[in-house]
Structures are given as C-alpha cells and as structure tokens.
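Undergrad: Numbering (the working numbering), first residue to last: 0 to 552.
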RNA sequence: GCUCGUGUGGUGUAGUUCGGUCCAUCAUGACGGACUCUCGAUCCGUCGACCCGGGUUCAAAUCCCGGCACGAGCACCA
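(1) Would you identify the three-state DSSP class for residue 230, choosing helix, strand or coil?
(2) Hey, could you find the ends of the beta strand (DSSP E) residue 341 is sitting in?
(3) For the alpha helix (DSSP H) containing residue 297, list its first residue and its last residue.
(4) Residue 61: buried (16+ other C-beta within 10 angstroms of its C-beta) or exposed?
(5) Let me know the beta strand (DSSP E) ranges lying completely inside the region 459–528, each 3 residues or longer, listed in chain order.
(6) What's the call for residue 541, buried or exposed, on a 16-neighbour Cβ count within 10 Å?
(7) Can you give the Cα-Cα distance for residue 402 and residue 377, rounded to whole angstroms?
(8) Do residue 560 and residue 180 have their CB atoms nearer than 8 Å?
(9) Consult DSSP for residue 236 and reduce its assignment to one of helix, strand or coil.
(10) Run through DSSP, which three-state label would residue 409 get?
(11) Just curious, the alpha helix (DSSP H) that residue 108 is in, first and last residue?
(12) Quick one: what's got a C-beta closer than 8 Å to residue 543's C-beta in the same chain, skipping five residues either side?
(13) From residue 318 to residue 371, what distance separates their C-alpha atoms?
(14) Does the region 167–176 come close enough to the region 196–213 that 3 or more CB-CB pairs lie under 8 Å?
(15) Taking buried to mean at least 16 other C-beta atoms within 10 Å of its own C-beta, is residue 495 buried or exposed?
(16) What do you reckon, are the CB atoms on residue 535 and residue 356 nearer than 8 Å?
(17) Do residue 108 and residue 285 have their C-beta atoms within less than 8 Å of each other?
(18) For the region 234–249 against the region 293–300, are there 3 or more C-beta pairs whose distance is under 8 Å?
(19) Just how far apart, CA to CA, sit residue 64 and residue 32?
(20) What did DSSP end up calling residue 398 once you bin it into helix, strand or coil?
(21) In the DSSP output, what is residue 283 paired with across the bridge?
(22) Measuring CA to CA, which of 130, 122, 134, 411 is closest to residue 603?
(23) What three-state label does DSSP hand residue 533 in the structure shown?
(24) Sort 76, 85, 521 by Cα distance to residue 280 and report the nearest one.
(25) Mark residue 244 as exposed unless 16 or more other C-beta atoms lie within 10 angstroms of its C-beta, in which case mark it buried.
(26) Please report how far the alpha carbon of residue 352 lies from the alpha carbon of residue 339, in whole angstroms.
(27) Can you give the Cα-Cα distance for residue 305 and residue 325, rounded to whole angstroms?
(28) Keeping to the same chain, check which residues put their C-beta closer than 6 Å to that of residue 105; ignore five residues upstream and five downstream.
(29) Going by DSSP in three states, residue 5 sits in which element: helix, strand or coil?
(30) I'd like to know if the region 407–422 and the region 467–484 are in contact, where contact means that at least 3 CB-CB pairs between them fall below 8 Å.
(31) Taking 7 Å as the limit between beta carbons, can you name the residues of its chain near residue 464, skipping five residues before and five after?
(32) Just curious, the beta strand (DSSP E) that residue 181 is in, first and last residue?
(33) Spatial neighbours of residue 379 within its chain, please: CB distance less than 6 Å, with the 5 preceding and 5 following residues excluded, ordered by chain position.
(34) Please state whether DSSP places residue 64 in a helix, a strand or coil.
(35) Would the region 183–190 count as touching the region 158–171 if we require 3 or more Cβ pairs under 8 Å?
(36) Find out if the Cβ-Cβ distance for the pair residue 150, residue 117 is shorter than 8 Å.
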C-alpha cells in the first residue's frame, strides 16, 4: 500500500525478522512465503487499487496502517561511566584574552553535562606560560563573567594554576624522588634526534640525587632558560615518538603578570593539567581531539603515580565560515595595532562582541548543544547561529522604522480625503509586546530612495499610494489595502531622528545612514528594524546621530 | 615521514555499540506556495546524503578486508 503496489519482498522480510528473532533460523523458508504474500498484495493493489488493500488491512490488522518514523535523539549523548551527583568536569581556558565563540562550545557542553548529572564544573585558568601566551590580567574576570553569562550560573570551583605553583613543584619533586622523572640538560634538537631513534639521552640514567641537585638549581635561577627541562620517563619504544620521555616542566625567567618572578620553573600543560585534574577529582575531561596525545602522555604519568585517569571525550576542529581562522594571540596583536577598536569590536568572533551585538546566551548555548560532541572537524555558518538567535529574540524585540537614504515626499490625500492625524502601529506584530507606537502624521513622509522607483506602493499601516514621476509626491489612492502591491516601511518626517547603522562585513564595517523612528528609544535595546533586520541601539546622544549596531536579518 | 583520529543531503546532526521496525532523523539552507499591512514571524510542500571497491549474510549506513579523502599531534604553547 505504502509503495503503490510495488512492495519489495526483501524489505518485508527484513521487518518481519527484525520483530521476530525466533524466526531468523528459518529465514530461507520464510523468504518464499513472504514473496508469495507480497506478490498477492501487489496484485490486489494493481487490480483493485490501493484502497482495497487499505480496507483489507483495516479489517484484519488496523495498527499496521500507522507507519512509525525514527526520531532524532535529543540532548547530549550519555557520559560514559558517570554517576549521578558525582560528575566533575572542567573548563580550562588560557587567560591570554577573553573567550571566543569556539570557547562557547566548551562552556556549553561542560555546563550542560554538569546539569544533566547534577555535577560540578571547575573553571581553571591554565596560565603557566609567562612568555609565549602571556596571561592578560583583565581576562580572568572577563572569563568568569562570560562563563556565567553562557552557562547561566557561575562555575562551581575557580582555580588559577599560577596560584597553585607550590603544589605542582612539590609533585615534580616527588616525581624526581620516585625516579620516574629526570632533569634533562640536552638541547631540544639533540633530544629529538635521540627520541626519534628510541635512544635514551645521557641525562636519563643519572641518580636521583644528581637530579634533585639540578632541580634545585633550576628553581633558584642558577640554570638559565632552555638549559634544562624535567621529563617524565616512559617506554622509549612507544610507537608514538611524541610520547617518549615527554617534557613536564621548563625554565621561564619572564615574570608572570599575576605572581611576578616568584618562580623560575613552570610546568607545561600536560603536567600541570594532569596533576590538577587529579587533585580536583575530575571524572570526565572534554577536550579538543588535538589533545589526544595529551591524554596519552598524562595517562603515563598517572600510571607512575598510581592514579586513575578521568574519562576523556573529544570534539573536532571548528571553523566558522564568516570568521575563518583566528587566534587569541592574533587578535590581541591586531587590537594593539589599532586594527580593531577592542575585544568587543563587531568584526571579532569574541563572546564580548557577539554579546554586544545582541546575541542571546541561550541561543548560543542551544546552538552548541545541538551540534553536540563529535570528533568530526566541522565548518559552521553564522547563519545557523543567527537562526537560533532569531527564534529566541524575535518575540521580545520591538519594531521600529529605519529609513535609509531617505527621500522626502509630500503626502497628498486630496483624492480620497479623510486623512488621519495619527497612526498607531503595534510594537510587536503578534502582540508579544503590548502597546502601540503613535505616529503623528504631517504633510511630509520619508521613504527609502531605493523604494521610490516602484511607483505603486503600500505605505505599511497607512495607505496605498502612487509615487509621481518626479518622486516628489505620494498620492493616496485608498486608505485600505486594495491590491497586492509591495508594502514598504516609511516614516512621517517629524517622527524621526538621524541615525546610522554599522554592519560588519568581513573585515570592514559598512555604514548606512538614515532616519530612525524616534519613539521610546532605549540605549542597549535590541530592536527589529522593519525590512532591515535586528540591531542594537548602541548609543543615543542628546543630539546627533543615534548609533545602531547591526545584528542579523 | 611517523603516530592518532574522522568520513551520512550545501551545512550541522540522529541512527553504527548488538546487521533487520531505515527506500535513513531533525535543524539550518535553497526553491515554491499559503497567511500576515516588514524582506521579520507562522504554516504547508519540494530538493538533497550513508567516501570508494570488494567480502560475509536471506538482509549492510551498521560487521570484515583493501583503498581514498580530510584533520590533528610529532613545541622547553595552551
């Protein structure tokens, strides 16, 4: 029936066996039986019409008329080995700048898992590099705020690695004392050559005492940068050369912006993160798959300490079409050069920029949760995020008229008479927001120059008009809507004030000037400009231009 | 090169653990239509995918083998 008399015996058999596992051993016998039945049904459908089959079915087996479709699983996949109430996750950004749209994935997923299992999220600042990715002191607070904005609640535990240095150094000492770590004085290049050949470096077999002596020399500053590094001993025959005797701590004499020059030796991510995850009792680590080797290195360290490694999960690389590649350090340099006005410059993919433009945290969060957690490298489009955002904000954005490149016309109602003194237009078309905007009608109106060429138009909520050839007069043909002519937005001249709309276009900011409806404008509000799109009111000076920041269509 | 990972419509995702109820889910997009006094919203419809080749099986997106493509790591960055 479903296939118009062209049913396939094979798929019928498939369904049957799927439901009746007990019949599977007799599949071969069944096949001929099913073929005969399907042929009969097809014949009935062909000869007597599909309706006959429907009737026959309704009489014998009515529930078969309903076809069930598969449904999409919603929400995040279950966390492996998770116990309700005992899940601890972590989100560990480098505070060398504020959060970007990519970080939003980490915040959304970690906080959502914590919510699902009544667990906790540790917000940890991995700020143990004083030179290459120097921490930005302001960024700590920014990130805490941005985390809370996106997650809907603050992080449960907040930690700064730089404040916990004594602990890491102590564990490094334990490692040396335990003989599963050593101080290596080889140059990076020499070590790499030995490592790639699965050869031990000369420093490896030295005694614990010799290592501890070098260790204190590293810490008191008498060994200079690059002259020594602490390594974790591993099997040198590991198939992956990257894991062999990996570096755990190195010397950095550059002062740390938060703790100054108190330390000469700083742990690398793999060491610091491993120790801290254990101390915080982290049960699940969600990280980028570029950190898979990190998991393997850290697991080797956990084996030395006799600890159990958390459950790791990974996501793939994310690219945003509209932004291409970006890095926090790259943005930091560009801002310093004056290419951008700041971290919240509308062209930047930072959370502060998106927030300023009017993206809703809930929409961002829903977007990332909808993508879920997969290891595929993906390329997403802002369009999709914008669509999530529209559905969240539409019902709470009032409408306003913004006439770009305004053209002044006299409104001539002499043909029909009965011109109203004012019009009342809903603040929101479905009444999601109550109330109206009152427009006092004068002798002149403004329309967009681009609309003037059409000739026969409907001024939204007012009248069907004809624009004369000189584009100077709009003659009212009727107040009520008479036909399907295009509807345009407009404005009585005295109801508006000058404004300009900034719209990020790739690396440029394009500016459109016009006249904005001057009714209850509120700084910071997100409004929908009719026929233009959503925008945020950035500033309303006492006199001068109102600044509008474009959000999306 | 070595090591690891990933391949489902244009994009993103569900289904893959344990083959069958999958002529493959949902969202976004594109196209068409309805409705609405916005190019917004809503509603309806259409389009469009299991990387390739073998194998196992009554039956493969799912299992096996072999390719190919893409990505990442191989930093004294995170």
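Virtual Cβ for every residue (Gly too), placed ideally from N, Cα, C.
TA: The answer reads as follows:
(1) The residue given as residue 230 occupies position 231 in the first chain. Here residue 230 sits in strand by DSSP.
(2) Translated into positions along the first chain, residue 341 becomes position 342. Premise fails: residue 341 is in no beta strand (DSSP E) and is neither H nor E.
(3) Working through the first chain from its first residue, we reach residue 297 at position 298. Start and end: 291–304.
(4) Here residue 61 is taken as the residue at index 62 of the first chain, counted from 1. Only weak support is given to the placement of residue 61: the predicted model assigns it a pLDDT of 49, under 50, and the question is left unresolved by the model.
(5) 462–466, 472–477, 495–504, 507–516, 525–528
(6) For the purposes of this step, residue 541 is taken as residue 542 along the first chain, with counting starting at 1. Exposed, since its Cβ has fewer than 16 Cβ neighbours within 10 Å.
(7) Stepping through the first chain from its first residue, residue 402 is reached at position 403. Stepping through the first chain from its first residue, residue 377 is reached at position 378. Those two C-alpha atoms are separated by around 39 Å.
(8) The requested residue 560 is not part of the displayed model; the chain covers only 0 to 552.
(9) Here the question's residue 236 lines up with position 237 in the first chain. Coil at residue 236, not helix or strand.
(10) Your numbering for residue 409 matches position 410 in the first chain. Here residue 409 sits in strand by DSSP.
(11) Within the first chain, residue 108 is the residue found at index 109, counting from 1. 100–115 is the span of the alpha helix (DSSP H), which, as asked, contains residue 108.
(12) On the first chain, position 544 is the one that residue 543 refers to. Beyond the five residues adjoining it in sequence on each side, residue 543 comes within less than 8 Å, by CB distance, of 497 in the same chain, given in chain order.
(13) Along the first chain, read from residue 1 onward, the residue named residue 318 stands at position 319. Along the first chain, read from residue 1 onward, the residue named residue 371 stands at position 372. So the two alpha carbons sit approximately 15 Å from each other.
(14) A contact between stretches requires three or more CB pairs, one per stretch, nearer than 8 Å, and the region 196–213 meets this requirement with the region 167–176.
(15) The residue given as residue 495 occupies position 496 in the first chain. Buried, because 16 or more other Cβ atoms sit within 10 Å of the Cβ of residue 495.
(16) Taking the first chain and counting its residues from 1, one reaches residue 535 at position 536. Taking the first chain and counting its residues from 1, one reaches residue 356 at position 357. Taking 8 Å as the Cβ cut-off, residue 535 and residue 356 qualify as a contacting pair.
(17) Here the question's residue 108 lines up with position 109 in the first chain. Here the question's residue 285 lines up with position 286 in the first chain. Yes; because the gap between Cβ atoms is below 8 Å, this pair is in contact.
(18) At 8 Å Cβ cutoff, the stretches touch.
(19) Position 65 of the first chain, counting from 1, holds the residue named residue 64. Position 33 of the first chain, counting from 1, holds the residue named residue 32. Because residue 64 carries a pLDDT of 49, less than 50, the predicted location of this residue cannot be relied on, and no value is offered for it.
(20) Here residue 398 is taken as the residue at index 399 of the first chain, counted from 1. If DSSP states are grouped into helix, strand and coil, residue 398 belongs with the strands.
(21) Counting from one through the first chain, the residue named residue 283 turns up at place 284. Beta-bridge pairing links residue 283 to 310.
(22) Only positions 0 to 552 of the chain appear in the structure, and residue 603 is not among them; the question remains open.
(23) Residue 533 sits at position 534 when you count from the first residue of the first chain. Three-state DSSP puts residue 533 in a strand.
(24) As a first step, residue 280 must be located in the first chain, where it is residue number 281. Nearest option by C-alpha distance: 85.
(25) Here the question's residue 244 lines up with position 245 in the first chain. Counting other Cβ atoms within 10 Å of its Cβ, residue 244 reaches 16 or more and is therefore classed as buried.
(26) Position 353 of the first chain holds residue 352. Position 340 of the first chain holds residue 339. In a straight line, the C-alpha of residue 352 is about 11 Å away from that of residue 339.
(27) As a first step, residue 305 must be located in the first chain, where it is residue number 306. As a first step, residue 325 must be located in the first chain, where it is residue number 326. C-alpha separation (whole angstroms): 39 Å.
(28) For the purposes of this step, residue 105 is taken as residue 106 along the first chain, with counting starting at 1. Closer than 6 Å at Cβ, skipping near neighbours: 90.
(29) Counting from one through the first chain, the residue named residue 5 turns up at place 6. Caution is warranted here: a pLDDT of 47 is assigned to residue 5, below 50, making its placement in the model unreliable, and the coordinate value is therefore given only provisionally. The answer is coil: DSSP assigns residue 5 none of H, G, I, E or B.
(30) yes
(31) One-based indexing of the first chain puts residue 464 at position 465. 456, 458, 473, 474, 475, 476.
(32) Here residue 181 corresponds to residue number 182 of the first chain, with the count starting at 1. Per DSSP, residue 181 belongs to the beta strand (DSSP E) from 180–183.
(33) Reading the first chain from its first residue, position 380 is the one you call residue 379. Around residue 379: 319.
(34) Here residue 64 is taken as the residue at index 65 of the first chain, counted from 1. Low confidence applies to residue 64: its pLDDT is 49, below 50, so where it sits in the model is not reliable enough to give any reading.
(35) no
(36) Reading the first chain from its first residue, position 151 is the one you call residue 150. Reading the first chain from its first residue, position 118 is the one you call residue 117. It is not a contact, given that the beta carbons lie outside the stated cut-off.
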